[in-house]
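As they're listed, the protein sequences go chains R and D.
Under numbering that gives the first Met the number 0, think of the first position of the first sequence as 0, with each following residue one higher.
Under numbering that gives the first Met the number 0, think of the first position of the second sequence as 0, with each following residue one higher.
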Amino acid sequence: MLPSRFEYHRAETLDEALSLLATYGEDAKVLAGGQSLIPMMKLRFAYPGHLVDVNRVPGLDGIEERDGALRIGALVRHHALETSELIRSRYPTIAAAAPQIADPLVRNLGTIGGSIAHADPAGDLASVMLALGATVVLRSSGGSRELPLREFLVDTFTTQIRPDEMLTEIVVPAAEPSSGGTYLKQERKVGDWATVGVAVALTLRDGRIARAGIGLTSVGLTNLEATEAEEALAGAEPTDEAFAEAARLAAAAAHPVSDVRGSAEYKRHVVDVYVRRGLARAREMAAA
Amino acid sequence: MEITVTVNGAPRTADVEPRMLLVHLIRETFGLTGTHIGCDTTSCGACTVLLDGVPVKSCTLFGVQADGRSITTVEGLASGGELHPIQAAFKEHHGLQCGYCTPGMMLVGAALIERNPAPSEEEVRFAISGNICRCTGYMNIVKAIQAAAASKAGAGADEPAA
Numbered sequence: 000m001l002p003s004r005f006e007y008h009r010a011e012t013l014d015e016a017l018s019l020l021a022t023y024g025e026d027a028k029v030l031a032g033g034q035s036l037i038p039m040m041k042l043r044f045a046y047p048g049h050l051v052d053v054n055r056v057p058g059l060d061g062i063e064e065r066d067g068a069l070r071i072g073a074l075v076r077h078h079a080l081e082t083s084e085l086i087r088s089r090y091p092t093i094a095a096a097a098p099q100i101a102d103p104l105v106r107n108l109g110t111i112g113g114s115i116a117h118a119d120p121a122g123d124l125a126s127v128m129l130a131l132g133a134t135v136v137l138r139s140s141g142g143s144r145e146l147p148l149r150e151f152l153v154d155t156f157t158t159q160i161r162p163d164e165m166l167t168e169i170v171v172p173a174a175e176p177s178s179g180g181t182y183l184k185q186e187r188k189v190g191d192w193a194t195v196g197v198a199v200a201l202t203l204r205d206g207r208i209a210r211a212g213i214g215l216t217s218v219g220l221t222n223l224e225a226t227e228a229e230e231a232l233a234g235a236e237p238t239d240e241a242f243a244e245a246a247r248l249a250a251a252a253a254h255p256v257s258d259v260r261g262s263a264e265y266k267r268h269v270v271d272v273y274v275r276r277g278l279a280r281a282r283e284m285a286a287a
Numbered sequence: 000m001e002i003t004v005t006v007n008g009a010p011r012t013a014d015v016e017p018r019m020l021l022v023h024l025i026r027e028t029f030g031l032t033g034t035h036i037g038c039d040t041t042s043c044g045a046c047t048v049l050l051d052g053v054p055v056k057s058c059t060l061f062g063v064q065a066d067g068r069s070i071t072t073v074e075g076l077a078s079g080g081e082l083h084p085i086q087a088a089f090k091e092h093h094g095l096q097c098g099y100c101t102p103g104m105m106l107v108g109a110a111l112i113e114r115n116p117a118p119s120e121e122e123v124r125f126a127i128s129g130n131i132c133r134c135t136g137y138m139n140i141v142k143a144i145q146a147a148a149a150s151k152a153g154a155g156a157d158e159p160a161a
């Protein structure tokens with residue numbers, strides 16, 4: 000399948016990429032890993048007139064903790080997340096999700112910035128980043144701004160990003176002591192979109208829950224943050240009863256549709272089970 | 000757009016339309032038809048090639064993105080008339096039935112044993128999980144990749160110390 004014709008621009012610097020986006024606006028798309036964009040172009044769901052290839056732009060592939068935050072460059076490939084020692088040792092929710100994204104070959108190219116900017120509610124990383132309370136950095140020739148991810152995501156394939164902006168970084172509050180988390184995903188086979196995915200992050204302090212984050216995949220128009228469930232957990236003791244109540248609230252917040260992967264009722268049930276299971280696992284890790 | 004790609008060790012230059020997919024560049028422009036097209040939707044892995052040594056699906060990359068980079072296709076595995084250990088092992092262990100997925104499976108296997116000299120069965124299965132064998136001949140594919148790792152390690156052990 001051939002995409003429709005486009006003009007190809009290879010940006011060598013971030014400034015060059017941003018200037019190209021400023022010039023071509025709505026008619027331009029950023030090409031990073033291309034693992035969602037190229038299939039959509041081949042199917043002619045997307046037909047940008049200009050592609051701005053940012054794969055060789057330096058400085059966008061860092062994974063580092065700085066000033067109380069984990070900063071992940073937009074060009075970080077899923078495989079780099081999967082194999083990062085920092086992620087593995089301190090960010091279990093990300094570490095659990097990374098090897099479950101798509102398949103190993105797609106993970107060699109696909110990027111975190113692309114996954115989040117693409118805003119497919121079946122994407123795994125946006126749920127993880129919602130659970131972790133992440134923000135995204137958007138840059139344009141005119142400057143930069145930082146938005147909480149929950150505000151950035153507007154609708155399926157729709158975000159707050161302006162045509163002249165590029166998502167350059169994901170910022171996650173640095174891991175706290177006594178924390179745990181995981182990502183549970185049901186898929187029919189490797190590489191399929193999630194039937195349901197649940198990201199959980201939990202921090203305990205003095206025997207109570209200091210913070211709980213829950214992100215849901217494939218059960219709404221965007222990745223969803225189960226805010227009512229999070230609020231019910233905050234300050235509570237981390238008991239099975241509290242987790243069951245949070246799971247009930249998260250399942251109620253989910254809006255799955257019936258499709259070839261399962262009925263809405265079934266998917267809501269999986270949310271309930273995975274939230275309970277994920278919180279229990281996170282509690283074990285936080286206590287360890 | 001004029002691009003230069005190192006294909007199986009040799010630089011090749013071509014004038015291509017930006018929308019030409021890497022798999023078409025390899026098959027049609029360079030005439031290397033060992034790279035197969037299966038699903039054409041990033042699912043099956045038949046079109047797997049190594050980009051700077053890393054396995055990727057060449058149906059989901061534009062040819063222009065390979066400019067200045069290095070590609071290895073199945074044709075580049077053997078050297079000097081000698082089969083690559085992965086090819087010898089696929090032959091020995093009957094790691095193929097219809098052969099359609101084989102180039103992709105061998106390239107993923109070759110990349111795996113490059114960074115993991117003794118992969119477990121689970122590690123092999125994880126590595127090939129983006130490649131589909133529609134004959135479902137996975138058992139011998141896994142066996143062949145593990146055997147290739149063992150034979151490569153054995154060959155290395157025989158080499159005199161530098």
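A virtual CB, placed ideally from N, CA and C, is assigned to each residue, including glycine.
If you measure from the beta carbon of threonine 47 of chain D to each beta carbon in chain R, is any gap under 8 Å? For the purposes of this step, residue 47 of chain D is taken as the residue at position 48 of the second sequence. Judged by the 8 Å Cβ criterion, threonine 47 of chain D is in contact with chain R.
Under 8 Å, Cβ to Cβ, is there at least one residue of chain D near valine 189 of chain R? Stepping through the first sequence from its first residue, residue 189 of chain R is reached at position 190. So, interface residue.
Does the distance from the C-beta atom of isoleucine 112 of chain D to that of isoleucine 140 of chain D stay below 8 Å? One-based indexing of the second sequence puts residue 112 of chain D at position 113. One-based indexing of the second sequence puts residue 140 of chain D at position 141. Cβ distance not < 8 Å, so isoleucine 112 of chain D and isoleucine 140 of chain D don't count as in contact.
Taking 8 Å as the threshold (beta carbon to beta carbon), is aspartate 102 of chain R in contact with chain D? Counting from 1 along the first sequence, the entry for residue 102 of chain R is found at position 103. Chain D contact via Cβ: present.
Given that glutamine 34 of chain R touches chain D, what residues does it touch there, using C-beta distances under 7 Å? If you number the first sequence from 1, residue 34 of chain R lands on position 35. Per Cβ cutoff of 7 Å: Thr41 and Thr59.
Comparing the CB of alanine 10 of chain R with every heavy atom of the ligand ZN, is any distance shorter than 7 Å? Looking at this structure, you won't find the ligand ZN or any other ligand, since it has none at all.
Do you know how far the Cα of histidine 49 of chain R is from the Cα of tyrosine 23 of chain R? Residue numbering aside, residue 23 of chain R sits at position 24 when the first sequence is read from its first letter. Residue numbering aside, residue 49 of chain R sits at position 50 when the first sequence is read from its first letter. Each residue's Cα considered, the two are about 7 Å apart.
Who does histidine 49 of chain R pair with in a DSSP beta bridge? Here residue 49 of chain R refers to the residue found at position 50 of the first sequence. BP columns for histidine 49 of chain R point to R/Glu6 and R/Ala27.
So proline 102 of chain D contacts chain R; which residues on that side make the cut at Cβ distance below 7 Å? To locate residue 102 of chain D, count along the second sequence from 1; it is residue 103. Listed along chain R, no residue sits closer than 7 Å to proline 102 of chain D by beta-carbon distance, the nearest being about 13 Å off.
Could you work out which residues of chain D lie near methionine 165 of chain R, taking near to mean beta carbons separated by less than 9 Å? On the first sequence, residue 165 of chain R is found 166 positions in, with the first residue counted as 1. Those within 9 Å of methionine 165 of chain R in chain D number zero; the least Cβ separation is about 18 Å.
Partners in chain D for aspartate 52 of chain R, counting only beta-carbon separations shorter than 7 Å: Against the first sequence, residue 52 of chain R aligns to sequence position 53. What aspartate 52 of chain R touches in chain D: Gln64.
Alanine 200 of chain R - partner residues in DSSP beta bridges: Taking the first residue of the first sequence as position 1, residue 200 of chain R is located at position 201. According to the DSSP secondary-structure assignment, alanine 200 of chain R is paired through a beta bridge with R/Gly180 and R/Gly212.
Does any C-beta atom of chain R lie closer than 8 Å to the C-beta of valine 22 of chain D? Translated into the one-based positions of the second sequence, residue 22 of chain D becomes position 23. Cβ-Cβ to chain R under 8 Å: no for valine 22 of chain D.
In this structure, how does DSSP classify proline 159 of chain D when only helix, strand and coil are distinguished? As a working mapping, residue 159 of chain D is identified with position 160 in the second sequence. The predicted position of proline 159 of chain D is uncertain, since its pLDDT is 48 and thus under 50; a value taken from the coordinates is nonetheless stated next. Shown here, proline 159 of chain D sits in coil according to DSSP, grouped into three states, outside any helix or strand.
Suppose contacts are defined by Cβ-Cβ distances below 8 Å. Is alanine 96 of chain R in contact with valine 127 of chain R by that definition? As a first step, residue 96 of chain R must be located in the first sequence, where it is residue number 97. As a first step, residue 127 of chain R must be located in the first sequence, where it is residue number 128. Cβ atoms of alanine 96 of chain R and valine 127 of chain R: closer than 8 Å.
With burial defined as no fewer than 16 other Cβ atoms inside 10 Å of the residue's Cβ, what is the status of serine 210 of chain D: buried or exposed? The structure shown does not extend to residue 210 of chain D, since chain D is modelled only from 0 through 161, so no value can be given for it.
When DSSP labels each residue in this structure, what does glutamate 172 of chain R get in the three-state scheme? For the purposes of this step, residue 172 of chain R is taken as residue 173 along the first sequence, with counting starting at 1. Contrary to the premise, residue 172 of chain R reads as proline rather than glutamate in this sequence. Looking at proline 172 of chain R - three-state DSSP - the assignment turns out to be strand.
Can you name, in chain order, every residue of its own chain whose Cβ lies under 6 Å from the Cβ of isoleucine 85 of chain D, other than the five neighbours on each side? As a working mapping, residue 85 of chain D is identified with position 86 in the second sequence. Once the five neighbours on either side are set aside, the close Cβ partners of isoleucine 85 of chain D are Met105, Gly108, Ala109 and Ala147.
Identity of the residues DSSP links to leucine 85 of chain R by a beta bridge: Locating residue 85 of chain R in the first sequence gives position 86, counting from the first residue. Beta-bridge pairing links leucine 85 of chain R to no other residue.
Judging by CA-CA distance, which residue of R/Leu17, R/Leu20, R/His77 and R/His254 is the nearest neighbour of glutamine 34 of chain R? As a position in the first sequence, residue 34 of chain R is number 35, starting the count at 1. When each option's Cα is compared against that of glutamine 34 of chain R, the closest is R/His77.
Just to confirm before moving on: does the CB-CB distance between arginine 18 of chain D and phenylalanine 29 of chain D stay below 8 Å? Position 19 of the second sequence, counting from 1, holds the residue named residue 18 of chain D. Position 30 of the second sequence, counting from 1, holds the residue named residue 29 of chain D. No, Cβ-Cβ distance for arginine 18 of chain D and phenylalanine 29 of chain D is not below 8 Å.
Give a yes or no on whether 8 Å exceeds the smallest Cβ distance from isoleucine 37 of chain R to chain D. Position 38 of the first sequence holds residue 37 of chain R. With 8 Å as the cut-off, isoleucine 37 of chain R counts as an interface residue toward chain D.
Just to confirm before moving on: does the CB-CB distance between glutamate 81 of chain R and arginine 106 of chain R stay below 8 Å? As a position in the first sequence, residue 81 of chain R is number 82, starting the count at 1. As a position in the first sequence, residue 106 of chain R is number 107, starting the count at 1. Going by C-beta atoms, glutamate 81 of chain R is nearer than 8 Å to arginine 106 of chain R.
With 16 other Cβ atoms within 10 Å as the buried cut-off, status of phenylalanine 61 of chain D: Translated into positions along the second sequence, residue 61 of chain D becomes position 62. When all chains shown are included, phenylalanine 61 of chain D counts as buried.
Start and end residues, beta strand (DSSP E) containing glutamate 145 of chain R: Residue 145 of chain R sits at position 146 when you count from the first residue of the first sequence. Start and end: 142–147.
In or out: histidine 93 of chain D buried (at least 16 other Cβ within 10 Å) or exposed? Start at 1 with the first residue of the second sequence, and residue 93 of chain D comes out as number 94. So histidine 93 of chain D ends up on the exposed side.
Of all Cβ atoms in chain R, is any one closer than 8 Å to the Cβ of serine 128 of chain D? If you number the second sequence from 1, residue 128 of chain D lands on position 129. Taking Cβ atoms only, chain R reaches closer than 8 Å to serine 128 of chain D, which makes this a yes.
If you draw a straight line from the C-alpha of serine 140 of chain R to the C-alpha of valine 6 of chain D, how long is it? Mapped onto the first sequence, residue 140 of chain R falls at position 141. Mapped onto the second sequence, residue 6 of chain D falls at position 7. Cα to Cα, serine 140 of chain R sits roughly 37 Å from valine 6 of chain D.
From the DSSP secondary-structure annotation, give me the bridge partner or partners of aspartate 14 of chain D. In the second sequence, residue 14 of chain D corresponds to position 15, counting from 1. Note: aspartate 14 of chain D is bridge-paired with D/Glu1 in the DSSP secondary-structure output.
Is there contact here, the segment 36–51 of chain R with the segment 2–14 of chain R, by at least three beta-carbon pairs under 8 Å? yes
Who pairs with valine 128 of chain D in a beta bridge, going by DSSP? For the purposes of this step, residue 128 of chain D is taken as residue 129 along the second sequence, with counting starting at 1. Note on residue identity: the sequence assigns serine, not valine, to residue 128 of chain D. None; serine 128 of chain D has no bridge partner.
Pull the bridge partners of alanine 252 of chain R from the DSSP assignment, please. The residue labelled residue 252 of chain R in the question sits at position 253 within the first sequence. Paired residues: none, contrary to the question.
Nearest-angstrom Cα distance between arginine 138 of chain R and alanine 10 of chain R? Position 139 of the first sequence, counting from 1, holds the residue named residue 138 of chain R. Position 11 of the first sequence, counting from 1, holds the residue named residue 10 of chain R. Approximately 15 Å between the Cα atoms of the pair.
Please compile the residues from chain D whose C-beta is within a distance smaller than 7 Å of the C-beta of arginine 4 of chain R. As a first step, residue 4 of chain R must be located in the first sequence, where it is residue number 5. Arg18, listed in chain order.
Between R/Thr221, R/Ala245, R/Leu278 and R/Leu104, which has its C-alpha nearest phenylalanine 125 of chain D's C-alpha? Within the second sequence, the letter at position 126 stands for residue 125 of chain D. Nearest option by C-alpha distance: R/Leu104.
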